[in-house]
Amino acid sequence: MILRIFTLFLLVSALPASAALEWSGTSLKVLKEDVAASTGLEAVYVAPSLQGLSVSYVGDGAGSAVWSRFSSLGGGYAEPVATGPSISDLQPDMGYIVEVAGKQYAFWLVDYSRHELTLQSLSLSAEQDCGRVALDVVGSGDEIAYYSVNGRRLTLSRDIELGYNTLVYDNENHAYTETATTEKLDYIRPVVSAPAPLCATEFSISGDKFLREWGREVSATSERCEPHSVEARTMAEQESREAENEVNNPSGTFGGSAPCVVNFEAAVTDAAIFREWQFSRTPDFEDISLRMSELAFSYTFEEQGNTYVRFYCANSDASCDYYGETYDISIGESFIKCPNAFSPFNEDSVNDEWRVSYSSIVSFECTIFNRSGRKVASFSDPSAGWDGKYNGKFVPSGVYYYVIKARGSEGREYNLSGDINIVDYK
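Everything in the sequence shown is counted per the working numbering, starting at 2 for the first residue and increasing by one.
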């Protein structure tokens with residue numbers, strides 16, 4: 002046990018930077034893969050084949066080099082196998098340690114010919130779900146494992162590429178755009194999976210990174226597949242009003258004083274055949290009061306209380322569906338307050354127009370009369386007012402009368418009347 006601990010301790014002492022390994026006996030390059038320092042390995046080397054392959058240590062003291070070999074048990078069980086600057090009796094998928102002048106260099110050697118990637122066909126599996134797509138692969142490309150000096154099993158990624166097109170949401174343009182994407186696979190299984198594409202596409206699988214480096218990459222392509230998964234993105238924007246005499250105190254993001262106009266818009270992916278906006282007076286949508294099939298529309302909320310709106314879409318057989326964000330539109334109660342005096346044509350423009358103060362008034366009619374009963378003004382917008390003119394001229398100061406008929410967001414009917422006093426003005 003003491004010997005094993007001592008050996009592992011030495012493994013952390015790397016050879017000088019000037020030292021190197023040189024490979025011979027192969028027409029293709031032996032590839033070096035960097036690994037984490039915590040493995041105790043300087044690198045993992047991938048050779049196309051071990052037939053005729055040898056490796057030499059190049060550096061000071063090469064003639065006294067001692068070569069040891071270890072298995073999945075780790076460097077603590079390494080056994081000496083050769084001395085001198087090189088070794089040719091290389092065994093596949095094993096670890097090696099070369100020791101020179103008390104310094105050790107540990108590496109793992111992979112014989113790629115034992116793990117060669119082959120690809121005959123790629124096709125869509127019969128069973129699919131909404132989140133991922135499953136593909137049947139005919140071929141081989143098993144996991145390439147290597148072991149740290151402490152005997153920990155690790156996987157060397159082959160960087161096999163699974164490529165296909167999907168839809169990606171463009172937030173700036175509020176639309177989905179077709180985009181090429183690639184999934185990386187460490188190795189091949191009989192069935193591989195990836196996030197389900199959102200548009201019709203072919204799948205291609207190619208690799209691996211070792212074959213690419215050697216100029217021998219292989220690939221397979223599926224038939225064109227139709228999408229079954231659905232996705233959507235929604236937007237809601239309330240139209241603003243700049244009426245100074247309207248009291249608008251929304252309790253949330255949307256709503257406040259009625260009538261409240263909100264613009265809704267949804268962007269959907271290709272498989273979303275059925276789509277609708279749902280309106281409900283309860284947040285659980287147990288009772289849907291209105292359905293709208295348009296992707297984009299404007300809606301005017303006039304009823305006091307909360308209305309909940311969400312977007313729903315599904316594919317042709319409703320096996321995959323999507324619920325969007327719930328928007329809460331809260332409309333407040335109504336009121337009208339009428340002033341009894343104003344001063345038209347004030348030089349400081351203060352109180353120079355007669356206007357009601359209001360909130361959540363959804364219909365409105367106001368008529369103003371002089372003392373003889375003649376109508377001098379009328380308007381149907383509660384944000385409007387009377388500037389004290391009749392036929393383009395200011396009326397004399399004195400008492401005038403208003404009559405208002407209106408309806409609030411909760412259905413309340415207003416029948417108001419009263420005096421308007423025009424204070425002396427120049």
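Every residue gets a Cβ at the ideal spot worked out from N, C-alpha and C, and that includes glycine.
Own chain residues within Cβ distance below 6 Å of residue i, not counting five before or after
i: S398; result: I423 and D425
i: E240; result: V262
i: Y391; result: V377
i: A244; result: S384
i: F343; result: N352 and W355
i: G164; result: T183 and S205
i: S248; result: The residue you asked about is not Ser; residue 248 is Val in the sequence shown. Cβ neighbours of V248 beyond the five flanking positions: S360.
i: W215; result: L29
i: S418; result: V404
i: H116; result: D143 and I145
i: V82; result: W68 and R70
i: E23; result: S57 and V59
Extent of the continuous beta strand (DSSP E) to which residue i belongs
i: F312; result: G306 to A315
i: L136; result: R133 to S141
i: R217; result: Careful: R217 lies outside any beta strand (DSSP E) and carries neither H nor E.
i: T167; result: I161 to D171
i: Y188; result: That residue, Y188, is in no beta strand (DSSP E); it is neither H nor E in DSSP.
i: L155; result: R154 to L157
i: W355; result: From DSSP, W355 is part of no beta strand (DSSP E); its letter is neither H nor E.
i: D329; result: Y328 to I332
i: S25; result: A21 to S25
i: S57; result: S55 to V59
i: D112; result: K104 to D112
i: E366; result: I362 to F370
i: Y324; result: D322 to Y324
i: G374; result: Counting along the chain, G374 falls outside any beta strand (DSSP E), and DSSP gives it neither H nor E.
i: C261; result: C261 to V269
i: Y401; result: G399 to G409
i: Y46; result: A44 to A48
i: N249; result: Neither: N249 is in no beta strand (DSSP E) and is coded neither H nor E.
Rounded Cβ spacing between residue i and residue j (contact assumed at less than 8 Å)
i: V142; j: D209; result: One detail in the question is off: residue 142 reads as Gly in this sequence, not Val. Indeed they touch by this definition, with Cβ atoms about 7 Å apart.
i: D112; j: A44; result: About 16 Å; that fails the 8 Å criterion.
i: S410; j: S335; result: 5 Å
i: W278; j: F286; result: Rounded, the Cβ-Cβ distance is 11 Å, inconsistent with contact.
i: S281; j: D288; result: 6 Å
i: E366; j: K406; result: 5 Å
i: Y324; j: V231; result: Rounded, the Cβ-Cβ distance is 11 Å, inconsistent with contact.
i: L123; j: L136; result: 6 Å
i: S114; j: S50; result: 4 Å
i: G53; j: T84; result: So it is not a contact: roughly 21 Å between Cβ atoms.
Classification of residue i by the beta-carbon crowding that lies within 10 angstroms, buried from 16 upward
i: V192; result: exposed
i: A21; result: exposed
i: T235; result: buried
i: T301; result: exposed
i: Y401; result: buried
i: A259; result: buried
i: G333; result: buried
i: Q92; result: exposed
i: P228; result: buried
i: E238; result: exposed
i: G389; result: buried
i: L74; result: exposed
i: T308; result: buried
i: V31; result: buried
i: F453; result: Any answer about residue 453 is impossible in this case: the structure gives the chain only from 2 up to 427.
i: L118; result: buried
i: R276; result: buried
i: V139; result: exposed
i: F312; result: buried
Continuous alpha helix (DSSP H) stretch holding residue i: start and end
i: E214; result: K210 to E214
Cutoff 8 Å; reference residue i; Cβ partners in own chain excluding five residues on either side
i: C226; result: L125, V134, P198, A201, T202, E203 and F204
i: N246; result: R356, V357, S358, Y359, P383, S384 and G386
i: N341; result: G419, D420, I421 and N422
Cβ shell of residue i (< 7 Å), same chain only, five flanking positions each side left out
i: S220; result: L120, S205, I206 and S207
i: A79; result: T8, S69, R70, F71 and I98
i: P86; result: S57, Y58, A63, G64 and A66
i: E414; result: R408
i: A459; result: Absent from the structure is residue 459, since the part of the chain shown begins at 2 and ends at 427.
i: F298; result: F265
i: D160; result: K185, G208, D209 and K210
**Asked** Would you say the segment 33-51 touches the segment 145-159, given that touching needs at least three Cβ pairs under 8 Å?
**Response** yes
**Request:** Indicate whether the contact test is met: 3 or more Cβ pairs, each with one atom in the segment 62-81 and one in the segment 97-112, closer than 8 Å.
**Result:** yes
**Asked** Counting Cβ pairs closer than 8 Å, one from the segment 379-397 and one from the segment 302-312, do we hit at least three?
**Response** no
**Asked** Would you say the segment 159-168 touches the segment 180-187, given that touching needs at least three Cβ pairs under 8 Å?
**Response** yes
**Prompt:** For the 8 Å Cβ check, are there 3 or more pairs between the segment 264-279 and the segment 317-333?
**Reply:** yes
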